[in-house]
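Taken in order, the sequence shown gives residues 1 to 340; the numbers are from our numbering.
We treat Cβ as the ideally placed atom computed from N, Cα and C, and that holds for glycine.
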Amino acid sequence: MAPSHQTPEIRKDTVNNRLVILSPARSKRPSDFKSKSNPNPSSQSNTCPFCAGNEDQCAPEIFRLPEHSTHDWKVRCIENLYPALSRDVDVEGEGDVSGSGVVTSGFGFHDVIIETPEHEVKLLDLDKDGVKDVLLAFKKRILQLSIVDAIQYVQVFKNHGASAGASLSHSHSQILALPVIPTTVSTRLDSMKEYHNQTGRCILCDIKTDQLLIDETSHFISIAPFASTYAFETWIVPRYHSSHYHELDEDKAIDLGGLLKLTLQKLSVQLNDPPYNLMIHTSPVKVTPAELPYTHWYIQIVPQLSTIGGFEMGTGCYINPVFPEDAAKILREVEVPNKE
Numbered sequence: 001m002a003p004s005h006q007t008p009e010i011r012k013d014t015v016n017n018r019l020v021i022l023s024p025a026r027s028k029r030p031s032d033f034k035s036k037s038n039p040n041p042s043s044q045s046n047t048c049p050f051c052a053g054n055e056d057q058c059a060p061e062i063f064r065l066p067e068h069s070t071h072d073w074k075v076r077c078i079e080n081l082y083p084a085l086s087r088d089v090d091v092e093g094e095g096d097v098s099g100s101g102v103v104t105s106g107f108g109f110h111d112v113i114i115e116t117p118e119h120e121v122k123l124l125d126l127d128k129d130g131v132k133d134v135l136l137a138f139k140k141r142i143l144q145l146s147i148v149d150a151i152q153y154v155q156v157f158k159n160h161g162a163s164a165g166a167s168l169s170h171s172h173s174q175i176l177a178l179p180v181i182p183t184t185v186s187t188r189l190d191s192m193k194e195y196h197n198q199t200g201r202c203i204l205c206d207i208k209t210d211q212l213l214i215d216e217t218s219h220f221i222s223i224a225p226f227a228s229t230y231a232f233e234t235w236i237v238p239r240y241h242s243s244h245y246h247e248l249d250e251d252k253a254i255d256l257g258g259l260l261k262l263t264l265q266k267l268s269v270q271l272n273d274p275p276y277n278l279m280i281h282t283s284p285v286k287v288t289p290a291e292l293p294y295t296h297w298y299i300q301i302v303p304q305l306s307t308i309g310g311f312e313m314g315t316g317c318y319i320n321p322v323f324p325e326d327a328a329k330i331l332r333e334v335e336v337p338n339k340e
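Structure representation (structure tokens):
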């Protein structure tokens, strides 16, 4: 399929307030993109700490689903054995300021969600009820972390494949709870606020699908965002207004589970099971009532098909070789073997 766009464009992502250069001349045909390497780091199931039967090899467990299961658990939430932050250090104030920057306490939580007891099963292999269980585990842990006074923001993310940052091949996600609001989150919230101030509406409720829609369900849409930073980047956005991911109820979690599974299947089929990063972009846990009308959560999925270079690092402006309209059309038309 020939690309529908032939000349470069500079687009602005108004949700995240950043620029992207769409440059099809830097790529093959959009339909030719494939991952070329095995995305999974090596790990044997008999020594994998995340497999059923090896629970004693893991860091302490926080909870499991079902709650009172034994060997038949479906999802486990555990502490990260090598945490980026420490839940044991004292929480300090604003931090020390010097000419070199600001230093604050390294307090926080770093947890792991083990998505399945079976080593070879990936998130996209689960049925939609299985994906729903993972999504509700995210919700449960976010709710637990949100009652900690010092916690300001909770980031859920999944690294699939070694080049995407996964150190174990057993399917899992991670949760980091921070005592600060990251700069990119603040930028996103400021952009959403600015749009609301100008229009009186939520920017994601207003999002234009047109040629960017991939799939839709009763409660969610999957799209190629208008100013996609990465080739075949995909967003899953609630069709209803919601500021916080942890507001997700069970019916919507089943609906989301089905769409997330389908989206991952399509990316896998089209791009040869690429390494990818999945991020849940939610609102800070302690937003004010005035912020609720313009804050709206969504899921971002980024296949790792190329590396960034000096231009991207120096400017924060990324070059994407695939127009989102082309990516959306290709993904709309992908046939998957099993949608259930």
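Option nearest residue i by Cα separation, candidates the options
i, options, result
"SER173", "TYR240, TYR276, ILE319", "TYR276"
"THR116", "LEU135, GLY106, THR104, SER105", "LEU135"
"ASP13", "PRO337, ASP326, CYS317", "CYS317"
"PRO83", "PRO60, PRO66, HIS71", "PRO60"
"ILE113", "LYS139, VAL336, ASP125", "LYS139"
"PRO274", "ALA162, GLY257, LEU248, HIS196", "ALA162"
"LEU124", "THR307, ASP326, GLU216, HIS160", "HIS160"
"HIS170", "ALA52, THR199, ALA177", "ALA52"
"GLY106", "GLY130, ARG76, ALA177", "ALA177"
"PRO225", "THR315, THR288, VAL20", "VAL20"
"VAL89", "PHE109, CYS77, ARG76", "PHE109"
"THR217", "ALA231, PRO238, GLN211", "PRO238"
"SER243", "SER222, PRO289, LYS261", "PRO289"
"LEU126", "PHE50, VAL334, LYS261, HIS246", "LYS261"
"ASP149", "LYS132, ARG201, ALA166, PRO179", "PRO179"
Where residue i sits in the DSSP three-state scheme
i, result
"ARG87", "coil"
"LYS208", "coil"
"PRO303", "strand"
"LYS158", "strand"
"VAL336", "coil"
"GLU291", "helix"
"MET1", "Confidence in MET1 is poor, its pLDDT being 43 and thus under 50, which makes the residue's placement unreliable; the coordinate value appears in the next sentence. If DSSP states are grouped into helix, strand and coil, MET1 belongs with coil."
"ASP255", "helix"
First and last residue of the uninterrupted alpha helix (DSSP H) at residue i
i, result
"ILE330", "324-333"
"SER146", "128-146"
"PHE311", "310-315"
N- and C-terminal bounds of the beta strand (DSSP E) containing residue i
i, result
"ILE21", "18-22"
"LEU189", "Careful: LEU189 lies outside any beta strand (DSSP E), inside the alpha helix (DSSP H) at 183-199."
"ASP13", "9-13"
"ILE280", "276-281"
"SER222", "220-223"
"ILE113", "109-114"
"GLU216", "213-216"
"SER105", "Note, SER105: premise wrong, no beta strand (DSSP E); not H, not E."
"ASN320", "318-320"
"LEU178", "172-178"
Residue i Cβ short of 7 Å to the ligand MG heavy atom set
i, result
"ILE301", "This structure simply doesn't include the ligand MG, nor any ligand for that matter."
DSSP beta-bridge partners of residue i
i, result
"ILE78", "GLU61, VAL112"
Any chain C beta carbon closer than 8 Å to residue i
i, result
"GLN211", "Protein chains in the displayed structure number just one, and chain C is not present."
Jot down the residue ranges of each uninterrupted beta strand (DSSP E) in the stretch 229-253, minimum 3 residues, whole runs only, in chain order. Segments of the beta strand (DSSP E) lying fully in the stretch 229-253: 234-238.
Entirely enclosed beta strand (DSSP E) segments - the stretch 45-75, minimum 3 residues: Taking only runs of at least 3 residues, the beta strand (DSSP E) segments lying wholly in the stretch 45-75 are 61-65.
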